[in-house]
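The sequence shown begins at 1 in UniProt numbering and counts up by one. In this text, a Cβ means the ideal position worked out from N, Cα and C, and glycines have one as well. Note that the structure is predicted; figures quoted are calculated from it, not measured.
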Amino acid sequence: MSRSAHPAGPRYADVLHEGHYTPPPADLNALDPRVWSRTVTRNADGVVTVGGRSVTELAEEFGTPAYFLDESDFRARCRAWRDAFGPEADVFYAGKAFLSRAIVRWLKEEDLNLDVCSGGELATALDAGMPAERIALHGNNKSTEEITRAVEAGVGRIVLDSFQEIVRVAHIAERLGKRQRVQIRVTVGVEAHTHEFIATAHEDQKFGLALAGGQAAEAVRRALKLDGLELVGIHSHIGSQIFDMAGFEVSARRVVQLLAEVRDEHGVELPEIDLGGGLGIAYTSEDDPREPHEIATALRTIVTRECAAAGLAVPRISVEPGRAIVGPTAFTLYEVGTVKELPGLRTYVSVDGGMSDNIRTALYDAEYSVALVSRSSTAEPMQVRVVGKHCESGDIVVRDAFLPSDVAPGDLLAVPATGAYCRSMASNYNHALRPPVVAVPEDGKARVIVRRETEEDLLRLDVG
Ligand code: LLP
Numbered sequence: 001m002s003r004s005a006h007p008a009g010p011r012y013a014d015v016l017h018e019g020h021y022t023p024p025p026a027d028l029n030a031l032d033p034r035v036w037s038r039t040v041t042r043n044a045d046g047v048v049t050v051g052g053r054s055v056t057e058l059a060e061e062f063g064t065p066a067y068f069l070d071e072s073d074f075r076a077r078c079r080a081w082r083d084a085f086g087p088e089a090d091v092f093y094a095g096k097a098f099l100s101r102a103i104v105r106w107l108k109e110e111d112l113n114l115d116v117c118s119g120g121e122l123a124t125a126l127d128a129g130m131p132a133e134r135i136a137l138h139g140n141n142k143s144t145e146e147i148t149r150a151v152e153a154g155v156g157r158i159v160l161d162s163f164q165e166i167v168r169v170a171h172i173a174e175r176l177g178k179r180q181r182v183q184i185r186v187t188v189g190v191e192a193h194t195h196e197f198i199a200t201a202h203e204d205q206k207f208g209l210a211l212a213g214g215q216a217a218e219a220v221r222r223a224l225k226l227d228g229l230e231l232v233g234i235h236s237h238i239g240s241q242i243f244d245m246a247g248f249e250v251s252a253r254r255v256v257q258l259l260a261e262v263r264d265e266h267g268v269e270l271p272e273i274d275l276g277g278g279l280g281i282a283y284t285s286e287d288d289p290r291e292p293h294e295i296a297t298a299l300r301t302i303v304t305r306e307c308a309a310a311g312l313a314v315p316r317i318s319v320e321p322g323r324a325i326v327g328p329t330a331f332t333l334y335e336v337g338t339v340k341e342l343p344g345l346r347t348y349v350s351v352d353g354g355m356s357d358n359i360r361t362a363l364y365d366a367e368y369s370v371a372l373v374s375r376s377s378t379a380e381p382m383q384v385r386v387v388g389k390h391c392e393s394g395d396i397v398v399r400d401a402f403l404p405s406d407v408a409p410g411d412l413l414a415v416p417a418t419g420a421y422c423r424s425m426a427s428n429y430n431h432a433l434r435p436p437v438v439a440v441p442e443d444g445k446a447r448v449i450v451r452r453e454t455e456e457d458l459l460r461l462d463v464g
């Protein structure tokens, strides 16, 4: 984050990010379209609406905390990715970001494929009618049961992640009398950060087989020998919440180099490459994400150029965006319970959720925005920390933000860009009941797509 040092020293009790000062936004009632989903706006009464429905009405009907997912925004993002990559490429939505039956149906309708990384995600995809050939199975330690189920169902591809798995999938496929389409996940030696890119630094992690040192080439050698496998391509995923295209470009170049080596050694041109997900989104107004068409153009250009140089036919490209599709489409709605001013320090605003519905702040030091949404206010900005109701001081939802100084118990706050990795990483810590996900289409006919947990749900698992 580029924050400028304040020349005259801090004016507020807290200094954001160790010595850097961020002034309050000019208008606390404004909703930056970069961080809020498409149909979100503030109506003439000052109340925020989504799909034409006011948050006060939605809170009454569905309770708080709750995630509200802007359905037309989700569908528009699917189409933007689909159109950017065109018919000669495939877009696999990464289900780990957030998956439910409704999401699967929308993906199907919008012509996207689906990447799943567990038996549970696979079960959801199949249950909601995603054709198996449009599903890819991932994971660095897939169980025999997960592999068997995927092969039996006829998934379009399994992405192999280790030498053991090459043999395991081949045996299972042979036993079932099938030949499974597979890709090999490689580690290209690129470390991609949100704002920087450090080349050749990231072999030391659990995923994939390294290009450096020849593990990836050895994996290809082994996979090509096994009857149960049809090796169709190479897969690379370099990280998440990335803004810089350089990492993707290096990755694409190295994957194409491997295709050329495979052609030279085996006389086989693998027809597919998958360049993973990882495109960053705006959590705050300071984030400036790339659009799908920019990614598509950059990747197509580099792959085409590298293939021409190596004398290879251009393979079919696929990508796996998760966060970039679902992240910006939802906000979490909370009710304020207490406002505690710590003189000389800061004001803590406690809401009725917390680290059980958004672990990202505690886990990754993630930054979020927050707004008072049940009314507008002309009160002075006040620097706050929005915290949850869990028994832990690290239970922070938004570390540093400005809210109107008249914020009070009963007000509704919304945290935007919580569609990805919030409900999917939610927990029952302190026996919290995980919030519902409510889809709000453009016509305002909001409906629950994942219901709120109940105490009966909790007690049902407690069989002691
Ligand atoms: N493909 C593969 C193989 C992946 O491992 C991932 C994410 C994706 C695609 C989708 O990446 P995305 O486009 O959503 O960035 N819990 C973390 C993110 C973990 C991502 C894991 N893999 C977070 O909350 O930031």
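*Which partner residues does Pro416 have in the DSSP bridge list?*
In the sequence shown, counting from the first residue as 1, residue 416 sits at position 416. Pro416 pairs with Phe331.
*Among Glu269, Arg263, Val256, which has the Cα closest to the Cα of Glu306?*
On the sequence shown, position 306 is the one that residue 306 refers to. Selected option, being the one with the closest Cα: Val256.
_With a threshold of 6 Å on Cβ separation, who are the neighbours of Ala432 within its own chain once the five nearest residues in sequence on each side are excluded?_
Working through the sequence shown from its first residue, we reach residue 432 at position 432. Closer than 6 Å at the Cβ level, and outside the excluded window around Ala432, lie Ser356.
*Can you pull the DSSP bridge partners for Pro381?*
By 1-based counting over the sequence shown, the position of residue 381 is 381. Answer is Pro404, bridged to Pro381.
*Which two residues bound the contiguous alpha helix (DSSP H) that contains His293?*
Mapped onto the sequence shown, residue 293 falls at position 293. Note, His293: alpha helix (DSSP H), 292-310.
*CA nearest to the CA of Ala125, picked from Thr144, Asn141, Lys96, Thr148*: By 1-based counting over the sequence shown, the position of residue 125 is 125. With distances taken between Cα atoms, Ala125 lies closest to Lys96.
*Tell me whether Phe243 sits in a helix, a strand or coil according to DSSP, three-state version.*
The residue given as residue 243 occupies position 243 in the sequence shown. In the structure shown, Phe243 sits in coil (DSSP, three-state: anything other than H, G, I, E or B).
*May I ask you to check if the CB of Gly277 is nearer than 7 Å to at least one heavy atom of the ligand LLP?*
Stepping through the sequence shown from its first residue, residue 277 is reached at position 277. True, at least one ligand heavy atom lies under 7 Å from that Cβ.
*Every unbroken beta strand (DSSP E) inside the segment 83-137 [3 residues or more]*: 89-94, 113-116, 135-137
*Would you give the residue range spanned by the alpha helix (DSSP H) that Leu461 belongs to?*
Translated into the one-based positions of the sequence shown, residue 461 becomes position 461. Start and end: 455-461.
*Does DSSP classify Phe207 as helix, strand or coil?*
Counting from 1 along the sequence shown, the entry for residue 207 is found at position 207. Look at Phe207 here: in three-state DSSP terms it is coil, with no helix or strand label.
_Following a CB-centred definition, is His171 positioned closer than 7 Å to any heavy atom of the ligand LLP?_
Translated into positions along the sequence shown, residue 171 becomes position 171. No, the Cβ of His171 stays beyond 7 Å of every heavy atom of the ligand LLP.
*Below 8 Å between beta carbons: does that hold for Thr284 and Ser162?*
Counting from one through the sequence shown, the residue named residue 284 turns up at place 284. Counting from one through the sequence shown, the residue named residue 162 turns up at place 162. Contact flag unset, no.
*asked:* With distance defined between alpha-carbon atoms, name the residue in Arg399, Ala219, Ser427 nearest to Arg346.
replied: Translated into positions along the sequence shown, residue 346 becomes position 346. Measuring from the Cα of Arg346, the nearest candidate turns out to be Arg399.
*asked:* Any contact between the segment 61-80 and the segment 429-447? By contact I mean 3 or more CB pairs, one from each, below 8 Å.
replied: yes
_Opening and closing residue of the beta strand (DSSP E) in which Tyr429 lies_ = Translated into positions along the sequence shown, residue 429 becomes position 429. Neither: Tyr429 is in no beta strand (DSSP E) and is coded neither H nor E.
*Return the residue from the list Leu28, Val48, Thr454, Ala309 that minimises the CA-CA distance to Thr332.*
In the sequence shown, counting from the first residue as 1, residue 332 sits at position 332. Selected option, being the one with the closest Cα: Val48.
_When Ala94, Cys422, His171 are compared against Gly277, the one with the closest alpha-carbon_ = For the purposes of this step, residue 277 is identified with residue 277 of the sequence shown, where counting begins at 1. Checking every option, the nearest Cα to that of Gly277 belongs to Ala94.
*Report whether the distance from the Cβ of Arg134 to the nearest heavy atom of the ligand LLP is below 7 Å.*
As a first step, residue 134 is located in the sequence shown; it is residue number 134 there, counting from the start. Flag unset: Cβ of Arg134 not near the ligand LLP.
_For a test of the three-state rule: what should DSSP assign to Arg149, helix, strand or coil?_
Walking along the sequence shown from the start, residue 149 turns up at place 149. Three-state result, Arg149: helix.
*Cβ contact check for the segment 299-316 and the segment 381-400: 3 or more pairs under 8 Å*: no
_Using a Cβ-based criterion (distance less than 7 Å to any ligand heavy atom), does His237 qualify as near the ligand LLP?_
Working through the sequence shown from its first residue, we reach residue 237 at position 237. The answer is yes for His237.
*Burial state of His293 (16 or more Cβ within 10 Å)*: The residue given as residue 293 occupies position 293 in the sequence shown. Under this definition His293 is an exposed residue.
*How many Å lie between Gly353 and Phe85 at the Cα?*
Indexing the sequence shown from 1 puts residue 353 at position 353. Indexing the sequence shown from 1 puts residue 85 at position 85. Near 38 Å, if we compare the C-alpha coordinates of Phe85 and Gly353.
*May I have the straight-line CA-CA distance separating Gly214 from Thr144, to the nearest angstrom?*
Walking along the sequence shown from the start, residue 214 turns up at place 214. Walking along the sequence shown from the start, residue 144 turns up at place 144. Distance between the alpha carbons of Gly214 and Thr144 is about 27 Å.
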